[in-house]
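Our numbering puts the first residue of the sequence shown at 28, with every later residue one more than the last. Beta carbons are placed, not taken as given, at the ideal position from N, Cα and C, and that holds for glycine. Please read the structure below before turning to the comments.
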Amino acid sequence: QDLIDDGVPGVGSDAPFGDAPLVQTWGRPETEGTRFFLNSGFELSSSAELYARFSLAETDGRYRFFYRSPTHSTFTSQRSAGDGCPVCEGDETLSLREQGFTGYQAGFTPFLDGAQDDASFVLGVAGEFDSGMLYDFSYSYGKNELDYYLNNTANPSLGPGDFTNLPQTGFDVGGYAQQENTVNADFSMGLSDDINLAFGFEVREETFSAFAGEPNSYFGSGSSGFRGVEPRNAGDFKRDNVAVYADVEHDISDALLLQYAARYENFSDFGATLNGKIAARYRISDAFALRGAVSTGFHAPTPGQSNVSTIITTFDGTTGLQVEEGLFPVSDPAAQAAGARALTEEESTNISAGFSADIGDHVTLTADIYKIEVDNRIYRTGNITVPPQPGDDPNLPERSLSYYTNALDVEHEGIDIVATSAFDIGSETTLNLALAYSYGKIDVVGQRIFEVDGEEIQPVSDALVEDIENNYPEHRWVLTGNFLIGEAFNVMTRINFFGEHWDERGTISAEESPSAKVDSIYYVDLEAGWQVNESWRLVLG
């Protein structure tokens with residue numbers, strides 16, 4: 028507003044969304060995408076089928092960064108009268124505006140364009156051997172690539188040129204990709220009337236790739252807003268894993284079913300893991316059964332979590348000064364000096380118990396309670412300030428870093444209830460009803476504290492722990508009604524309810540600007556369908 032009052036032209040005119048004179052855009056990025064899916068199956072014989080699924084997607088997004096005022100430290104330069112600075116009285120650090128820079132008198136706001144390409148396919152053969160054993164052999168491939176281009180910005184280290192126009196205002200800052208190749212072989216066979224055995228194998232290769240930006244995007248202080256990926260952090264990072272599993276379902280009696288399962292998996296980057304499951308179902312009557320399960324699980328750290336490197340320019344919330352925030356690989360010496368260690372798998376223990384019941388002729392009810400304990404949950408650390416290192420460019424802004432680490436132990440508890448029913452309404456209409464309710468609660472029960480240079484570091488801040496526990500609704504339910512009218516038409520209504528929860532900005536107990544409570548909300552979906560013929564169905568929603 029001060030710039031407008033001073034008569035500076037063009038305030039906010041660089042907004043790609045037409046927001047002038049507002050200089051900064053809030054909200055979700057603008058995106059558009061095109062997606063194509065193909066699902067196919069072909070009979071090879073009376074006992075075998077070839078199936079194939081393909082997908083292609085292209086998504087483009089545009090996102091704005093923080094506004095840079097014309098007097099901000101983003102653009103200052105050490106100038107003197109001796110090198111032609113017309114307004115200098117000696118060696119001075121002046122903003123570009125103070126130097127007579129006409130290109131960005133109104134300041135500027137960088138914006139980032141992201142181009143994402145996604146492709147995948149699955150090719151498999153499923154069928155039954157003459158022995159009665161079922162089989163499914165498949166190969167799948169998937170790749171997701173994201174390329175970034177930063178617009179309407181500058182790299183101060185490139186120099187202000189002739190003080191009329193910046194030497195470069197757009198930068199290819201690099202990108203990232205994830206690629207996976209997977210081979211599966213799955214089998215199932217009855218060992219007797221009471222026992223069924225399923226088993227299988229999997230081989231998977233994952234590759235995370237980081238693409239370097241153009242040299243000007245990471246030269247010196249780098250392009251303001253998003254520093255380009257440097258060559259030293261670029262490259263392909265691969266890992267392989269092999270797995271084998273077995274699952275036995277055993278009818279102990281007409282009333283009792285037991286299930287036993289185990290899976291062994293070996294990863295090239297962090298080792299092996301063995302997990303198991305025991306489940307039971309006991310039928311008390313034809314209309315009521317109890318069920319329960321105990322299992323262990325794991326989530327392997329991805330090559331991306333271990334190797335990603337991203338540096339953005341943002342502003343310190345207390346001082347307002349520009350700082351660089353870096354997401355560093357755990358193998359980087361700077362990250363290791365700040366406590367980074369090689370990632371290991373997240374481990375979980377899962378317990379559930381519940382029942383299923385048929386109530387009358389029309390209603391089926393299931394209810395389950397569960398508790399999931401997750402150890403070594405991977406989170407990104409808070410920003411850890413890094414002191415200047417020998418050989419650092421003195422013009423670089425203060426730098427802080429973060430990395431992914433096995434930071435927290437988390438517990439999830441809840442209950443899931445599902446009720447379904449079907450009613451005939453007249454001779455041509457049926458009403459199907461379904462109500463699904465869930466209650467879920469998250470508690471952070473432990474955190475790894477590590478020591479750096481004699482100082483204890485808490486990787487995940489208390490404010491983020493509070494967000495993890497309170498940012499999601501504890502109560503949610505979905506009520507769906509579907510009217511089937513004759514053989515060709517249907518009308519569906521769905522009501523989604525999300526309970527109240529807390530906004531992530533601020534903290535709940537803060538005296539000033541505490542977190543806001545987000546009220547509960549309903550979403551309603553309406554849909555009508557028409558089965559035109561055996562080959563075509565039309566849906567309007």
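Integer-rounded CB distance, given that residue j should sit under 8 Å from residue i
{"i": "residue 59", "j": "residue 44", "result": "Between residue 44 and residue 59 the Cβ distance is about 14 Å, and since that is not below 8 Å, they are no contact."}
{"i": "residue 250", "j": "residue 198", "result": "4 Å"}
{"i": "residue 320", "j": "residue 280", "result": "Residue 320 to residue 280, Cβ: 19 Å. No contact."}
{"i": "residue 450", "j": "residue 389", "result": "6 Å"}
{"i": "residue 493", "j": "residue 469", "result": "Going by Cβ atoms, the distance from residue 493 to residue 469 rounds to 11 Å, so no, they are not a contact pair."}
{"i": "residue 377", "j": "residue 324", "result": "6 Å"}
{"i": "residue 456", "j": "residue 370", "result": "That belief does not hold up - the Cβ atoms of residue 456 and residue 370 are roughly 56 Å apart, past 8 Å."}
{"i": "residue 400", "j": "residue 372", "result": "Residue 400 to residue 372, Cβ: 14 Å. No contact."}
{"i": "residue 135", "j": "residue 179", "result": "6 Å"}
{"i": "residue 92", "j": "residue 252", "result": "4 Å"}
{"i": "residue 159", "j": "residue 217", "result": "7 Å"}
6 Å CB neighbourhood of residue i in its chain, flanking five on each side removed
{"i": "residue 444", "result": "394 and 464"}
{"i": "residue 560", "result": "none"}
{"i": "residue 12", "result": "The question about residue 12 has no answer, for the chain in this structure spans 28 to 568."}
{"i": "residue 78", "result": "68 and 151"}
{"i": "residue 81", "result": "65 and 148"}
{"i": "residue 383", "result": "316 and 393"}
{"i": "residue 114", "result": "Unreliable positioning characterises residue 114 in this predicted model, as indicated by a pLDDT of 47, which lies under 50. The coordinate reading is nonetheless provided below. Once the five neighbours on either side are set aside, residue 114 has no close Cβ partner at all."}
{"i": "residue 90", "result": "56 and 139"}
{"i": "residue 176", "result": "140 and 199"}
{"i": "residue 462", "result": "446 and 506"}
{"i": "residue 556", "result": "517 and 566"}
{"i": "residue 167", "result": "149 and 209"}
First and last residue of the uninterrupted alpha helix (DSSP H) at residue i
{"i": "residue 363", "result": "360 to 364"}
{"i": "residue 496", "result": "489 to 497"}
{"i": "residue 331", "result": "330 to 334"}
{"i": "residue 279", "result": "Per DSSP, residue 279 belongs to no alpha helix (DSSP H) and is neither H nor E."}
{"i": "residue 31", "result": "29 to 32"}
Span of the beta strand (DSSP E) around residue i
{"i": "residue 46", "result": "Note, residue 46: premise wrong, no beta strand (DSSP E); not H, not E."}
{"i": "residue 558", "result": "548 to 558"}
{"i": "residue 451", "result": "431 to 452"}
{"i": "residue 402", "result": "390 to 407"}
{"i": "residue 305", "result": "298 to 312"}
{"i": "residue 95", "result": "Run containing residue 95: none; DSSP gives neither H nor E here."}
{"i": "residue 472", "result": "456 to 474"}
{"i": "residue 370", "result": "Premise fails: residue 370 is in no beta strand (DSSP E) and is neither H nor E."}
{"i": "residue 537", "result": "Here residue 537 belongs to no beta strand (DSSP E), and DSSP marks it neither H nor E."}
{"i": "residue 515", "result": "Per DSSP, residue 515 belongs to no beta strand (DSSP E) and is neither H nor E."}
{"i": "residue 323", "result": "315 to 326"}
{"i": "residue 67", "result": "57 to 72"}
{"i": "residue 294", "result": "283 to 294"}
{"i": "residue 566", "result": "564 to 567"}
{"i": "residue 477", "result": "477 to 479"}
{"i": "residue 531", "result": "No beta strand (DSSP E) contains residue 531, which DSSP labels as neither H nor E."}
{"i": "residue 561", "result": "That residue, residue 561, is in no beta strand (DSSP E); it is neither H nor E in DSSP."}
{"i": "residue 482", "result": "482 to 484"}
Residue i, buried or exposed, once every other Cβ within 10 Å from all chains shown has been counted against 16
{"i": "residue 235", "result": "buried"}
{"i": "residue 529", "result": "buried"}
{"i": "residue 406", "result": "buried"}
{"i": "residue 107", "result": "At residue 107, the pLDDT of 48 sits below 50, so the modelled position is not reliable; the number obtained from the coordinates is stated separately. Looking at its Cβ environment, which holds fewer than 16 other Cβ atoms inside 10 Å, residue 107 is exposed."}
{"i": "residue 479", "result": "exposed"}
{"i": "residue 360", "result": "exposed"}
{"i": "residue 491", "result": "buried"}
{"i": "residue 238", "result": "buried"}
{"i": "residue 39", "result": "buried"}
{"i": "residue 338", "result": "buried"}
{"i": "residue 143", "result": "buried"}
{"i": "residue 36", "result": "exposed"}
7 Å Cβ shell around residue i - same chain, five flanking residues per side excluded
{"i": "residue 553", "result": "520 and 568"}
{"i": "residue 263", "result": "234 and 236"}
{"i": "residue 189", "result": "Residue placement at residue 189 is poorly supported in this model, since its pLDDT is 40, which falls under 50; the coordinates still yield a value, given next. Closer than 7 Å at the Cβ level, and outside the excluded window around residue 189, lies no residue."}
{"i": "residue 293", "result": "268, 269 and 299"}
{"i": "residue 541", "result": "533, 534 and 535"}
{"i": "residue 240", "result": "198, 199, 200, 201, 255 and 256"}
{"i": "residue 562", "result": "none"}
{"i": "residue 503", "result": "465, 524, 525 and 526"}
Same chain, Cβ closer than 8 Å to residue i, five either side skipped, listed in chain order
{"i": "residue 72", "result": "154"}
{"i": "residue 514", "result": "558"}
{"i": "residue 222", "result": "275, 276, 277 and 278"}
Closer than 7 Å: residue i CB and nearest the ligand FMN heavy atom
{"i": "residue 220", "result": "The ligand content of the structure shown is nil, which means the ligand FMN is not present either."}
Review point. What are the complete alpha helix (DSSP H) segments, minimum 4 residues, inside the segment 125 to 172?
Key: Segments of the alpha helix (DSSP H) lying fully in the segment 125 to 172: there are none.
Practice item. Report the residue ranges of all alpha helix (DSSP H) runs contained in full by the segment 198 to 274; include only those spanning at least 4 residues, in chain order. Key: 242 to 245
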